[in-house]
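Heads up, the final residue of the sequence shown is numbered 335 in the numbering used here, and it's a clean run with no missing numbers.
Note that the Cβ used here is the ideal one computed from N, Cα and C, for glycine as well.
It should be emphasised that the depicted structure is a prediction, and the values quoted were computed from it without experimental measurement.
Data first, discussion second: the structure below is written as structure tokens.
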Amino acid sequence: MRAIQISETGGPEVLRLVEQPMPKLQPGQVLVKTHAIGVAFPDLLVRSGRYPWMPPLPYVPGNEVTGHVVDANGSTRLGNGQLVFFTSWDMGFAGGLYAEYVAVKDTAPWPLPDHVDLDEAAALFNYIVASLLMEHGARGAEAATVLLHGVSGGMGTALAELALLAGSKVIGTAGTDDKCAFALARGVQHAINYKTANVVDQVLRLTDGRGVDVVYNHIAGNSFVDDMKMLAPLGQIVSYAALGGMPQSDLFRGMRAEIGRSPAVRVIGTHVFEKLPHLRRAAFEKVLGLHAAGKIKPAVTTRLPLERAAHAHRLMESRESLGKILLKP
Ligand SMILES: NC(=O)c1ccc[n+]([C@@H]2O[C@H](COP(=O)([O-])OP(=O)(O)OC[C@H]3O[C@@H](n4cnc5c(N)ncnc54)[C@H](OP(=O)(O)O)[C@@H]3O)[C@@H](O)[C@H]2O)c1
7 MRAIQISETG GPEVLRLVEQ PMPKLQPGQV LVKTHAIGVA FPDLLVRSGR
57 YPWMPPLPYV PGNEVTGHVV DANGSTRLGN GQLVFFTSWD MGFAGGLYAE
107 YVAVKDTAPW PLPDHVDLDE AAALFNYIVA SLLMEHGARG AEAATVLLHG
157 VSGGMGTALA ELALLAGSKV IGTAGTDDKC AFALARGVQH AINYKTANVV
207 DQVLRLTDGR GVDVVYNHIA GNSFVDDMKM LAPLGQIVSY AALGGMPQSD
257 LFRGMRAEIG RSPAVRVIGT HVFEKLPHLR RAAFEKVLGL HAAGKIKPAV
307 TTRLPLERAA HAHRLMESRE SLGKILLKP
């Protein structure tokens, strides 16, 4: 069977197509033929050696997949033909899903109803993370108005859709007019091109000077300085990644300077939910339920053959991609 493997970390070219033997099933495992594999930014971090929890090499990347069971191996839970979704979280954070077939414990996959679109469902991991960020990252904050950086990306589109569903007014930022148009077409109320407009001024104008209740920030760097100026009283920044590096300025001083609004920052990584499996499970159940009921529609924009994994990574790294990229085995 075909899989994508890295033997060393580096640029997209280290993602190589390899032939591997079909997985041998252990007792209690089922064999899944994959249908769609989600590409996410953490895959790029692992590939380039920047992920804080680096796996041993050689390594098959991939953390989110849909498919169907082709060998139930006597499972009483899953039969042949059952449609499934699962993530690395369901299988001990092992990765390994950029592959045509996967052997997995029969307790891991989430069964999907027959009517579900397997491509869309392969993009649901972003929604599960988004749901955890909203419920536990922004815990305690009112969320009448939220600001989403990178609103046209995988996480951005998921956060936007869930926030809109929860009744929030959503303001997004993106780096091109096309990305802003994409976000507006998906229902966000306002999208600001941060390359051509002053985001702080625009956000304060759009909120009558009050600011937003919650900012979801995956950039860090010096972006907090501006975020702090756009927070409503008792507002909260949810910091879920640091693509722009560490802040140069003293964050605590910056927070004290805005004491009149009592800002909060929660730094959150999904690995915390390893210690909180009941919250993780609840997020899966909620998101899969919303999708099965047709209440959310992931923004799958790009489908590439498995062997074009390197191109998928280049596309994501170029920041030209919109919504979710899938690999199709
Ligand atoms: N906490 C967690 O456990 C968790 C789970 C999943 C993902 N994440 C993180 O969430 C972030 C987004 O992931 P994703 O899969 O949604 O990625 P994505 O689809 O590529 O979207 C990221 C967006 O961020 C914007 N951006 C701003 N600064 C950037 C930079 N320095 N490099 C690249 N993009 C930048 C880009 O939009 P513009 O060019 O328009 O600014 C891009 O559209 C990543 O940092 C990822 O590690 C965290």
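Point to revise | Host beta strand (DSSP E) of residue 239 (start-end) | key: 237-245
Check your understanding: Hey, out of 202, 193, 148 and 183, whose CA is closest to residue 164's CA?
Key -> 193
Check your understanding: Since residue 132 is in the alpha helix (DSSP H), which residue starts that stretch and which ends it?
Key -> 130-138
Check your understanding: Which residues share a DSSP beta bridge with residue 109?
Key -> 37
Exercise for review: Enumerate in chain order the residues of its own chain whose CB-to-CB distance from residue 245 is below 8 Å, with the five nearest sequence positions on each side excluded.
Suggested key: 223, 224, 226, 230, 271, 272, 273 and 274
Check your understanding: Exposed or buried, what is residue 115 when buried is set at 16 or more other beta-carbons lying within 10 Å of its beta-carbon?
Key -> buried
Point to revise | Uninterrupted alpha helix (DSSP H) stretches inside the region 222-298 (no shorter than 4 residues) | key: 229-235, 257-263 and 283-298
Exercise for review: Identify whether residue 214 lies in helix, strand or coil by the three-state DSSP scheme.
Suggested key: coil
Check your understanding: Hey, is residue 86 close to ligand 1, as in C-beta under 7 Å from one of its heavy atoms?
Key -> no
Check your understanding: Is it the case that the CB of residue 147 approaches a heavy atom of ligand 3 more closely than 7 Å?
Key -> For the structure depicted, ligand 3 is absent and the ligand set comprises only ligand 1.
Practice item. Could you name the residues of the same chain whose beta carbon sits closer than 6 Å to that of residue 335, not counting the 5 residues immediately before and after it, in chain order? Key: 40, 106 and 312
Point to revise | Rounded Cβ spacing between residue 43 and residue 133 (contact assumed at less than 8 Å) | key: Rounded, the Cβ-Cβ distance is 16 Å, inconsistent with contact.
Practice item. Go ahead and pull the three-state DSSP assignment for residue 185. Key: helix
**Study point:** Helix, strand or coil at residue 123 [DSSP, three-state]
**Key:** coil
**Study point:** Proximity to residue 85 [Cα-Cα], best of 66, 53 and 35
**Key:** 35
Point to revise | Coarse secondary structure for residue 165, derived from DSSP in three states | key: helix
Review point. Mind checking residue 191: buried by the 16 CB within 10 Å criterion, or exposed?
Key: exposed
Review point. According to the Cβ coordinates, are residue 83 and residue 112 closer than 8 Å?
Key: yes
Check your understanding: Around the Cβ of residue 59, are there at least 16 other Cβ atoms within 10 angstroms (buried) or fewer (exposed)?
Key -> exposed
Review point. Thinking C-beta only, is residue 216 closer than 8 Å to residue 197?
Key: no
Point to revise | Close beta carbons around residue 64, own chain, < 8 Å, minus the five adjacent residues each side | key: 11, 12 and 13
Point to revise | Distance, residue 233 Cα to residue 257 Cα | key: 11 Å
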